[in-house]
Each structure stands twice: as structure tokens, then as C-alpha cells.
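Count along the sequence shown from 1, then add 6; that gives the number in our numbering.
The beta-carbon is built from N, C-alpha and C at its ideal position, and this holds for glycine as well.
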Amino acid sequence: MSNNFPELKNDLLLRALRGEEVERPPVWMMRQAGRYLPQYMKLRKKYTFFERVETPELACEITIQPIDELEPDAAILFSDILTIPQALGIDVDLVKGKGPVMENPIRSVDDAFAILAEDVPEKLNHVMEAITLTRKELNGRVPLIGFAGAPWTLFCYMVQGEGSKHFSKAKAFMYQHPDAAKHVMKELTKATIDYLQAQVDAGAQVVQLFDSWSGLLSPEDFNEWAMPYLMEICDAIDEVPVILFAKGSWYALERLSFKSSAAALGIDWTITPEYAREKTRGDIVLQGNIDPSKLLMSIDEIEHQTKRMIDRFGPQKYIANLGHGIRPNIPVDHARAFVDTVKEYEAKAST
């Protein structure tokens, strides 16, 4: 990694991820760079989504907007999990009111076996340029988080061809053509490792792996179709901490905490802090988990809910965050109240 970057002034997130004792939990928000910020909406009117993602200067500007506005303890790169499918030859478009749509999804066994993870970092060089530029522009204010979608989640989109609540086509393909599906999963795993390693080399100080749809799998299917690939990716990225977020897979918390080499596990709002701590035996850093919609409550209630969340997780081995990405309809003042409450948090004196 380059040593030309400015010295880091706020290393709270990195210390927490190492399991060190911290003065308060670090705080950031998934999707904090984006659609709830008025300054982002101005850029949205001028450029398409993928113009914003694929232009390093724009991605850098959008990544830093919430740092200027809210001053959380980390920046997360403005990008998209569907960059890897694009690099693997799947045409992705963002359709207003519908979300991501793939013009050439995997429909047959031959389509599946045609997926090959070749030159992924080169094809996504705009992401690496955005990371390096953002690291420099952040000037050491906070660490920069890179990210990728996990293989199962990417497989869902690549077979379904669009967003879905159930991804029934993807699951049907997995059950009907397991060898072809496993080929895609293996290629996605290789692509993801290459992509995240390139992000680290470009300057990412932490990476997060999003398995947004792993909760659609039964515990047995999770063991076969998600877990091995998540483990392989976490094991391969050893220069920086990895945060693993398997949304909805509450049943896998225990296994993930003991079998993965991830530094932290993301927790969604369907899991209580007490359950998460019990299942992981307090051995791993946890991140989460307030329901993003709760940021529509009054500011007083946001402050109360946020303090209660930290009290329940405990301020050590903990990163305050949402249970998923911030919603577009959240007022900026409410997002700020969440961040400020964590930053002003004082642990109750231990008895």
C-alpha cells in the first residue's frame, strides 16, 4: 500500500475493530454518502447514477459530503455492489422506480459457465482511482471504508435480472442447476477477493462485505451457498479489518463469529443486542443495529433510542450504525442527531 497518504487523525474505528478499549463507540452509517443529503441531490440532477459511480472525482465528492455535514468516524466509498456483475459482463441499468435491472441475466447453464472472473480490478479501475483520490482528499480526517457485495447476493441479482423480495428465479436456478450455480459462486468469490484486495492496495483502510440477501437462505442452505464463500473472502483479505454483514442471517451469528476471520459482524434490527452478544460470547466486535426508519422519530426519541442501543451492546467491541442503509426520506438533522448522540455518549459508571 502507498505510504503517501496523510496521517490518520481519527483512528477510533480502527482501534475498535482491533478490539482495543475506546473512549466511546465509533459511529458511521451505511449509505451515508447519498440520497438523504441535499448536496447529493444536486449532483443527482446533473449526472446519472453510474456517471456518479464511475467518475472518480464525483465519487470522491459524494463520499466526503457526509463527512463535512455530519462528521462521523468513517467515510464509506460511494459506489455500488453491482460493479462486479458489470465487470463480469452483465449489463446493469438503474431504472427509476424499479431499481437495478440486468439486460442479460443468467438464464441457462451455458450462461452460468460463461461467467469468468478475469481482470476484474482492471475493469473497475475507476473505483480504485476514486479510493486513492478520496484518501488524499480526506486528509486523514477519518478512515475510508471500501466494500463489495457478497457472492450469494450478487448471484441473486445476476440470475433474477432485477431486484426482488424473494429472488425466486435465483433460488430455482440454484436448486435445479447446482453445478452451474456453484461455478458462478466460485467465480464471484475470486472476483470479490481480487476487487477488495485492489481496493486495499488503492487505499481502503477497512472493507465491508454486504450479503444483503443471505437472510433468504435457510440455515442449511446458508452453510452451503453463503458461508464457505464468505469465509474464503475474509481469509484472503488480511491487510485491513473486514466487517461482514450477512443481513437477516441471525441463525448464523454464532458460526460466523467463531469460524470467520472477520474483525466485526454487522447486525440488523431483527436481532437484539443481548442475543447478538450471547451468541458471539462477547468475543467479536459487533456493528449496528437501529432500524433506519427510527430516524424519522423526534430528535429527542432518536437520542433516547441511540443511547439505549449503546447501553445494550456495551460501548466496547462495538460500532454504532444502522441495521441497514439510511433511507432517502430521513431529515439531515435527524441523521446528525444520531451521529452526535453517539459522539457525546458517556458510558455509565461500572458498579
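> Is the CB-CB distance between ALA178 and CYS162 below 7 Å?
Replying inline: Numbered from 1 along the sequence shown, position 172 holds the residue referred to as residue 178. Numbered from 1 along the sequence shown, position 156 holds the residue referred to as residue 162. Going by C-beta atoms, ALA178 is not nearer than 7 Å to CYS162.
>> Rounding to the nearest angstrom, what Cα-Cα distance links THR347 and GLN293 in this structure?
In response: Taking the sequence shown and counting its residues from 1, one reaches residue 347 at position 341. Taking the sequence shown and counting its residues from 1, one reaches residue 293 at position 287. In a straight line, the C-alpha of THR347 is about 16 Å away from that of GLN293.
>> Just to confirm, is the Cβ distance from ASP125 to GLU109 under 7 Å?
In response: For the purposes of this step, residue 125 is taken as residue 119 along the sequence shown, with counting starting at 1. For the purposes of this step, residue 109 is taken as residue 103 along the sequence shown, with counting starting at 1. Result no, Cβ atoms of ASP125 and GLU109 do not sit closer than 7 Å.
> With distances taken between CB atoms, is the gap from CYS240 to LEU139 smaller than 7 Å?
Replying inline: Translated into the one-based positions of the sequence shown, residue 240 becomes position 234. Translated into the one-based positions of the sequence shown, residue 139 becomes position 133. Cβ atoms of CYS240 and LEU139: not closer than 7 Å.
>> Restricting to Cα atoms, I'd like to know which of ARG41, THR276, GLU128 is closest to ILE296.
In response: Position 290 of the sequence shown, counted from the start, is the residue given in the question as residue 296. Nearest of ARG41, THR276, GLU128 to ILE296, Cα basis: THR276.
> Considering only residues of the segment 112-142, which uninterrupted alpha helix (DSSP H) runs meet the minimum length of 4 residues and lie entirely inside it, listed in chain order?
Replying inline: 115-119, 126-129
> Is the segment 40-47 in contact with the segment 235-254, if contact means three or more CB pairs nearer than 8 Å?
Replying inline: As far as the Cβ criterion goes, the segment 40-47 does not touch the segment 235-254, which means the pair count is below three.
> What residues are listed by DSSP as bridge partners for GLU168?
Replying inline: For the purposes of this step, residue 168 is taken as residue 162 along the sequence shown, with counting starting at 1. VAL107.
> Name the DSSP bridge partner or partners of ILE273?
Replying inline: The count along the sequence shown starts at 1 and reaches residue 273 at position 267. Bridge partners of ILE273: GLY294.
>> The alpha helix (DSSP H) that contains ASP207, what's its start and end?
In response: For the purposes of this step, residue 207 is identified with residue 201 of the sequence shown, where counting begins at 1. From DSSP, the alpha helix (DSSP H) with ASP207 extends over 184-208.
> By how many angstroms is the C-alpha of LEU122 removed from the C-alpha of ILE70?
Replying inline: As a working mapping, residue 70 is identified with position 64 in the sequence shown. As a working mapping, residue 122 is identified with position 116 in the sequence shown. In a straight line, the C-alpha of ILE70 is about 34 Å away from that of LEU122.
>> Please state whether the Cβ-Cβ distance between GLN211 and VAL246 is less than 7 Å.
In response: By 1-based counting over the sequence shown, the position of residue 211 is 205. By 1-based counting over the sequence shown, the position of residue 246 is 240. Pairing GLN211 with VAL246 gives a Cβ-Cβ distance under 7 Å.
>> Please state whether the Cβ-Cβ distance between ILE325 and ALA22 is less than 7 Å.
In response: Numbered from 1 along the sequence shown, position 319 holds the residue referred to as residue 325. Numbered from 1 along the sequence shown, position 16 holds the residue referred to as residue 22. Contact: yes.
> Regarding ILE90 and the ligand GDP, is the C-beta to nearest heavy atom distance less than 6 Å?
Replying inline: Ligands in the displayed structure: none, and consequently the ligand GDP is not present.
>> DSSP three-state label for ILE68, please.
In response: By one-based count along the sequence shown, residue 68 stands at place 62. ILE68 falls in the helix class under three-state DSSP.
> ILE305 and TYR351 look like a contact to me (Cβ under 8 Å); what is the Cβ gap, rounded to whole Å?
Replying inline: By 1-based counting over the sequence shown, the position of residue 305 is 299. By 1-based counting over the sequence shown, the position of residue 351 is 345. The Cβ separation is near 16 Å, so there is no contact.
>> Is the separation between the beta-carbon of ALA252 and that of ASP217 shorter than 7 Å?
In response: Taking the first residue of the sequence shown as 1, we reach residue 252 at position 246. Taking the first residue of the sequence shown as 1, we reach residue 217 at position 211. In this structure, the beta-carbon distance from ALA252 to ASP217 falls below 7 Å.
> Do GLY146 and GLU13 have their C-beta atoms closer together than 7 Å?
Replying inline: Counting from one through the sequence shown, the residue named residue 146 turns up at place 140. Counting from one through the sequence shown, the residue named residue 13 turns up at place 7. Going by C-beta atoms, GLY146 is nearer than 7 Å to GLU13.
>> Would LEU100 and PRO106 be called neighbours here (beta carbons separated by less than 7 Å)?
In response: Residue 100 sits at position 94 when you count from the first residue of the sequence shown. Residue 106 sits at position 100 when you count from the first residue of the sequence shown. Cβ distance < 7 Å, so LEU100 and PRO106 count as in contact.
> Quick one: what's GLY152 bridged to in DSSP?
Replying inline: Stepping through the sequence shown from its first residue, residue 152 is reached at position 146. Paired residue(s): VAL213.
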